[in-house]
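*Asks:* Residue numbers (my numbering): 188 to 469. For each residue, glycine too, the CB sits at the ideal point set by N, CA and C. Here's a structure for you.
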């Protein structure tokens with residue numbers, strides 16, 4: 188009888204010792220299911236969601252998703268938009284597809300690899316996107332000295348990325364070389380000569396007289412602040428003048444010149460008086 192009682196006591200003690208770890212395990216899974224109810228009783232409703240093995244203990248190593256969960260204050264929802272395992276899918280997308288977000292080899296079924304679109308003509312790139320079962324997203328444009336006009340400069344997502352069918356692929360298409368680049372260089376090199384009124388900026392008339400090919404489009408492309416003038420900063424000219432030297436023409440206005448002349452006169456007068464006073468003391 189004593190042995191039976193002792194056995195019961197030992198079993199009770201063991202159950203009490205094991206209860207905290209079991210509660211902890213069921214606690215985080217319960218929290219996960221509360222956050223994502225459709226995952227209840229599915230293939231991902233187990234310890235592999237956060238751990239590297241199916242039967243972890245309290246010290247078991249966590250996978251990338253479990254680590255992110257812990258670092259986020261044990262908040263599953265906070266890491267929904269993160270790609271914890273780096274496989275190209277957000278944690279939320281993987282959970283919705285019943286794939287493990289902490290296992291890069293377990294991806295949502297039916298994923299599509301984004302084709303390489305760099306260098307393709309815009310129309311050909313759009314065809315490649317739709318042929319891959321994806322959707323053409325936004326199409327931006329920018330000048331490029333290396334990519335022909337009308338060809339794709341870059342894409343997002345990158346080539347080879349695995350995405351869900353129908354996902355959008357954004358493109359940036361080349362406008363060709365910047366037509367204002369040559370004009371900018373000419374005006375920058377001859378800024379002081381072009382600035383005929385000496386106000387430190389170039390009007391449309393001054394710019395068009397100094398460089399060939401200046402039209403409203405080119406002038407507007409350089410006039411980034413839209414004030415109707417091209418200043419040194421917009422042309423990349425240092426404040427000291429073209430090329431950074433200080434030999435450029437003076438930017439003094441007539442009023443400034445008169446003030447400087449008056450200052451020189453007063454300085455000379457003061458020096459003369461001091462010299463006369465010194466002679467008298469001798």
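1. Which stretch, first to last residue, makes up the beta strand (DSSP E) that contains residue 358?
2. How would you call residue 280, buried or exposed, if buried means at least 16 neighbouring beta carbons within 10 angstroms?
3. Since residue 361 and residue 335 are thought to touch, with beta carbons under 8 angstroms apart, how far apart are those beta carbons, to the nearest angstrom?
4. Give the secondary structure of residue 386 by DSSP, where H, G and I count as helix, E and B as strand, and everything else as coil.
5. Using beta-carbon positions only, say whether residue 369 and residue 415 come within less than 9 angstroms of one another.
6. Rounded to whole angstroms, how far is the Cβ of residue 251 from the Cβ of residue 272, which I believe are closer than 8 angstroms?
7. Going by DSSP, name the residue or residues bridged to residue 417.
8. At 4 residues or longer, what runs of the alpha helix (DSSP H) sit wholly inside the stretch 257-334?
9. What does the Cβ neighbour count give for residue 288, buried or exposed, with the cut at 16 atoms within 10 Å?
10. Counting pairs of Cβ atoms below 8 angstroms between the stretch 256-272 and the stretch 300-317, do you hit three or more?
11. Return the residue from the list 292, 350 and 410 that minimises the CA-CA distance to residue 319.
12. Just to confirm the assignment, what range does the alpha helix (DSSP H) spanning residue 373 have?
13. Using only CA atoms, which one of 384, 232, 300 and 338 lies nearest to residue 308?
14. Nearest-angstrom Cα distance between residue 326 and residue 366?
15. Residue 394 and residue 364: beta carbons closer than 9 angstroms?
16. In terms of residues, what are the limits of the alpha helix (DSSP H) holding residue 409?
17. Could you say which of 359, 422, 270 and 378 lies nearest to residue 330 if we only look at CA atoms?
18. Have a look at the DSSP bridge pairing and note the partners of residue 249.
19. With residue 417 and residue 410 assumed to form a contact (beta carbons below 8 angstroms), what rounded beta-carbon distance in angstroms separates them?
20. So if DSSP puts residue 343 in a beta bridge, which residue, or which two residues, is it bridged to?
*Replies:* On the basis of the data shown:
1. 355-361
2. buried
3. 6 angstroms
4. coil
5. no
6. 5 angstroms
7. 389
8. 278-283 and 309-318
9. buried
10. no
11. 350
12. 367-376
13. 338
14. 21 angstroms
15. no
16. 403-409
17. 359
18. 238
19. 6 angstroms
20. 357
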